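Presented below is the structure to which this report refers.
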Amino acid sequence: MVEAELSPAEIERYHRQILLREFGLEGQKKLKSAKVLVIGAGGLGSPLLLYLAGAGIGTIGIVDGDVVETINLHRQIIHSSNNLKINKAESARRLLQELNPEIKLEIYTQWLTGESSASIVPGYDIIVIATDNVESRYLISDLGVYYKKPVISGSALRWEGQLTVFSPSPCIRCLFPQPTPRHAWSKASDIGVLGPIPGVIGTLQAIETIKLILGLPVLSRKLLMYDGLSCQFKLFQLRDTSPTCPACSGQINPHTFNYAEFLGQIPAIPSIPDKEINCAELKRLIELKRVQIIDVRNSNHFNICHIENSIHIPIHDVENSSEIFSSNEPLVFVCKTGADSARAVEKVEARGIEASYLKGGLDAWKEAEPSFIIF
1 MVEAELSPAE IERYHRQILL REFGLEGQKK LKSAKVLVIG AGGLGSPLLL YLAGAGIGTI
61 GIVDGDVVET INLHRQIIHS SNNLKINKAE SARRLLQELN PEIKLEIYTQ WLTGESSASI
121 VPGYDIIVIA TDNVESRYLI SDLGVYYKKP VISGSALRWE GQLTVFSPSP CIRCLFPQPT
181 PRHAWSKASD IGVLGPIPGV IGTLQAIETI KLILGLPVLS RKLLMYDGLS CQFKLFQLRD
241 TSPTCPACSG QINPHTFNYA EFLGQIPAIP SIPDKEINCA ELKRLIELKR VQIIDVRNSN
301 HFNICHIENS IHIPIHDVEN SSEIFSSNEP LVFVCKTGAD SARAVEKVEA RGIEASYLKG
361 GLDAWKEAEP SFIIF
């Protein structure tokens, strides 16, 4: 990395951090010369990008294939109501360029793939994971190993967040050779997240990025966990590089590896075709008033929206509910996607109760009934 010179205006802009003993003019020059690729301009990416831009990272690449939606704004603070339906990478670029016109911003408005990454990743020094997409996380980790580039990984859900640095190993495959089963995947859209939690983790990602550029010790081979409810940080030692890791042993080319097939090996969401009913069939039962709809989502989701006259029985209470076993009407279980309601059918049928579930869940119901609100 060739260090760039600083103009008087840049010295004035970054003066407060240049004063730091670990920084100085040479440190600021390193930041100006650095190229950082950020995957995701959402909850984690918002504070991360703002602080990287503010600190004077010379070149920042932003990858995001989504558009700004109202539901993002409580935590994705780099965006505004004025930028709804605009690509997030472009939306972020607009604010960052206003914040610091001295830096170079490169945006990519499609999600990173094995094929597209070949023309993007080699041009950067550091990669930062700021997305909860499972396929993207494995791909980015593999790219870090393949190109011998450090990867800073963060995640945030509910009241909790995690942070680690793969520099470049151990990698995600060392820790998780097989992806978590699909039914255990957690997303903010399903279980929620407090806005400041990704704010904390994204800010810490920015700090680790700056430390890497300066050559300072970072959170390598360690996992930092933050609990917002108890306001506690905990640090865990990670295992060393796995001798059987296919990425670290050079067996995986991320540009040709079939990630869809890899993730396809995960046990699929339960499906019981002969127990499914579609939206039209459920509408007909509702019109005939010959159905008992049971919503198995958590209480917060149910209170926000539910099909009229449905009753709420969380999935973990299904087996012990007297309302289910005393109903005289045909039972139809619903949830957001159809996964939990399929499991509910399995649970009650094991107890001798006939039941069905709505195929595609309330997501499908919204397609059939546009006035229905679901988040």
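Each residue of the sequence shown is one higher than the one before, starting from 1 at the first, in the UniProt record's numbering. Backbone N, C-alpha and C define an ideal beta-carbon position, used for all residues, glycine too. The structure displayed is predicted, hence computed values, not measured ones.
First through last residue of the alpha helix (DSSP H) which encompasses Val345: Taking the first residue of the sequence shown as position 1, residue 345 is located at position 345. Residues Ala339 to Glu349.
Quick test of the definition: if touching needs 3 or more C-beta pairs under 8 angstroms, does the segment 144–156 touch the segment 97–116? no
So for Pro267, helix, strand or coil by DSSP? Walking along the sequence shown from the start, residue 267 turns up at place 267. Residue confidence is low: Pro267 scores 48 on pLDDT, short of 50, so the model does not pin down where it sits. Its coordinate-derived value is still stated next. In this structure, Pro267 counts as coil in the three-state DSSP scheme.
Please name the residue in Ile353, Arg351, Arg221 and Phe233 whose C-alpha comes closest to that of Thr241. Sequence index remark: in the sequence shown, residue 241 carries index 241 (1-based). With distances taken between Cα atoms, Thr241 lies closest to Arg221.
Alpha carbons only, please: which of Pro101, Phe236 and Gly65 is nearest the one belonging to Thr109? Along the sequence shown, one-based indexing puts residue 109 at 109. It is Gly65 whose Cα lies nearest to the Cα of Thr109.
Leaving aside the five residues before and after Leu223 along the sequence, list all residues of the same chain whose C-beta is less than 7 angstroms from its C-beta, in chain order. Stepping through the sequence shown from its first residue, residue 223 is reached at position 223. So the list reads Gln162, Thr164, Phe236 and Leu238, once near-sequence residues are dropped.
Alpha-carbon to alpha-carbon, Val68 and Ser310: On the sequence shown, position 310 is the one that residue 310 refers to. On the sequence shown, position 68 is the one that residue 68 refers to. C-alpha separation (whole angstroms): 32 angstroms.
Buried versus exposed call for Ala268 [16 or more other C-beta atoms within 10 Å across all chains shown]: Translated into the one-based positions of the sequence shown, residue 268 becomes position 268. In this prediction, Ala268 has a pLDDT of 48, which is less than 50 and means its spatial position is unreliable; what the coordinates show is noted afterwards. Per the 10 Å Cβ criterion, exposed.
Does Asp317 pass the burial test, meaning 16 or more other C-beta atoms within 10 Å, or should it be called exposed? Locating residue 317 in the sequence shown gives position 317, where the first residue counts as 1. When all chains shown are included, Asp317 counts as exposed.
Residue closest to Ile103, alpha-carbon to alpha-carbon, out of Ala4, Leu20 and Ser155: Residue mapping note: residue 103 aligns to position 103 of the sequence shown, counting from 1. For the residues Ala4, Leu20 and Ser155, the minimum Cα distance to Ile103 belongs to Ala4.
Can you list, in chain order, the stretches of the alpha helix (DSSP H) that have 4 or more residues and sit fully within the segment 65–134? 88–99 and 114–117
Three CB pairs or more closer than 8 angstroms across the segment 204–221 and the segment 121–138: yes
So, with DSSP's three-state summary, where would you put Ile307? For this step, residue 307 is matched to residue 307 along the sequence shown. In this structure, Ile307 counts as coil in the three-state DSSP scheme.
Give every residue of the same chain whose Cβ lies closer than 7 angstroms to the Cβ of Lys359, excluding the five residues on either side of it in the sequence, and list them in chain order. The residue given as residue 359 occupies position 359 in the sequence shown. Answer for Lys359: Glu276, Ile277, Asn278 and Gly338, listed in chain order.
In or out: Ile197 buried (at least 16 other Cβ within 10 Å) or exposed? Taking the sequence shown and counting its residues from 1, one reaches residue 197 at position 197. A buried status is given to Ile197, since no fewer than 16 other beta-carbon atoms sit within 10 Å of its beta-carbon.
Just the Cα atoms here: how many angstroms apart are Pro243 and Phe176? Within the sequence shown, numbered from 1, the residue matching residue 243 stands at position 243. Within the sequence shown, numbered from 1, the residue matching residue 176 stands at position 176. Roughly 13 angstroms separates the two Cα atoms.
Suppose contacts are defined by Cβ-Cβ distances below 7 angstroms. Is Val332 in contact with Ile293 by that definition? Within the sequence shown, residue 332 is the residue found at index 332, counting from 1. Within the sequence shown, residue 293 is the residue found at index 293, counting from 1. Against a cut-off of 7 angstroms, the Cβ pair of Ile293 and Val332 comes out as a contact.
Quick check on DSSP: helix, strand or coil for Tyr138? For the purposes of this step, residue 138 is identified with residue 138 of the sequence shown, where counting begins at 1. Residue state, collapsed to three classes: helix.
As assigned by DSSP and simplified to three states, the class of Ile374: In the sequence shown, the residue the question calls residue 374 occupies position 374. Coil at Ile374, not helix or strand.
Name the DSSP bridge partner or partners of Ala156? Here the question's residue 156 lines up with position 156 in the sequence shown. Gly161, per the DSSP bridge assignment.
Give the DSSP-derived three-state secondary structure of residue 377 in the structure shown. Outside the shown range of the chain, which is 1 to 375, sits residue 377, and nothing can be said about it.
Taking the continuous alpha helix (DSSP H) assigned at Val334, which residues delimit it? Taking the first residue of the sequence shown as position 1, residue 334 is located at position 334. Element bounds for Val334: not the alpha helix (DSSP H) but the beta strand (DSSP E), Leu331 to Val334.
Just how far apart, CA to CA, sit Ser33 and Glu26? For the purposes of this step, residue 33 is taken as residue 33 along the sequence shown, with counting starting at 1. For the purposes of this step, residue 26 is taken as residue 26 along the sequence shown, with counting starting at 1. Looking at the two C-alpha atoms, the distance is approximately 11 angstroms.
Could you tell me whether the segment 86–97 touches the segment 41–50, using the rule of 3 or more Cβ pairs below 8 angstroms? yes
Looking only at C-alpha atoms, which of Thr70, Pro314 and Leu31 sits nearest to Gly54? The residue given as residue 54 occupies position 54 in the sequence shown. The candidate whose alpha carbon is nearest that of Gly54 is Leu31.
State the Cα-Cα distance for the pair Gly154 and Lys35, rounded to the nearest angstrom. Locating residue 154 in the sequence shown gives position 154, counting from the first residue. Locating residue 35 in the sequence shown gives position 35, counting from the first residue. The alpha-carbon atoms of Gly154 and Lys35 are separated by roughly 19 angstroms.
What residue does the beta strand (DSSP E) around Gln232 start on, and which one ends it? By one-based count along the sequence shown, residue 232 stands at place 232. Start and end: Gln232 to Gln237.
Can you give the beta carbon distance from Pro246 to Arg137, rounded, assuming they're within the 8 angstroms contact cut? Here residue 246 refers to the residue found at position 246 when the sequence shown is read from its first residue. Here residue 137 refers to the residue found at position 137 when the sequence shown is read from its first residue. The distance from the Cβ of Pro246 to that of Arg137 is about 16 angstroms, inconsistent with a contact at the 8 angstroms cut-off.
With a threshold of 7 angstroms between beta carbons, is Ser322 in contact with chain B? In the structure shown, chain B cannot be found, because there is only a single protein chain.
Can we say the segment 89–101 touches the segment 47–61, given the rule of at least three CB pairs closer than 8 angstroms? yes
Residues near Leu285 by beta carbon distance below 6 angstroms, same chain, minus five either side: Here residue 285 refers to the residue found at position 285 of the sequence shown. Val291.
Short Cβ contact (7 angstroms threshold) for Ile304 with Ala344: The residue you call residue 304 lines up with position 304 of the sequence shown. The residue you call residue 344 lines up with position 344 of the sequence shown. Contact: no.
Using 7 angstroms as the threshold, is the C-beta distance between Pro179 and Val134 below it? Along the sequence shown, read from residue 1 onward, the residue named residue 179 stands at position 179. Along the sequence shown, read from residue 1 onward, the residue named residue 134 stands at position 134. In this structure, Pro179 lies near Val134, with their beta-carbon atoms less than 7 angstroms apart.
Could you tell me which residues DSSP pairs with Lys35 in its beta bridges? Reading the sequence shown from its first residue, position 35 is the one you call residue 35. DSSP output for Lys35 lists Thr59 as bridge partner(s).
Can you name the residues that DSSP bridges to Lys222? Numbered from 1 along the sequence shown, position 222 holds the residue referred to as residue 222. Paired residues: Gln237.
Start and end of the beta strand (DSSP E) containing Ser356? By 1-based counting over the sequence shown, the position of residue 356 is 356. That run of the beta strand (DSSP E) goes Ser356 to Leu358.
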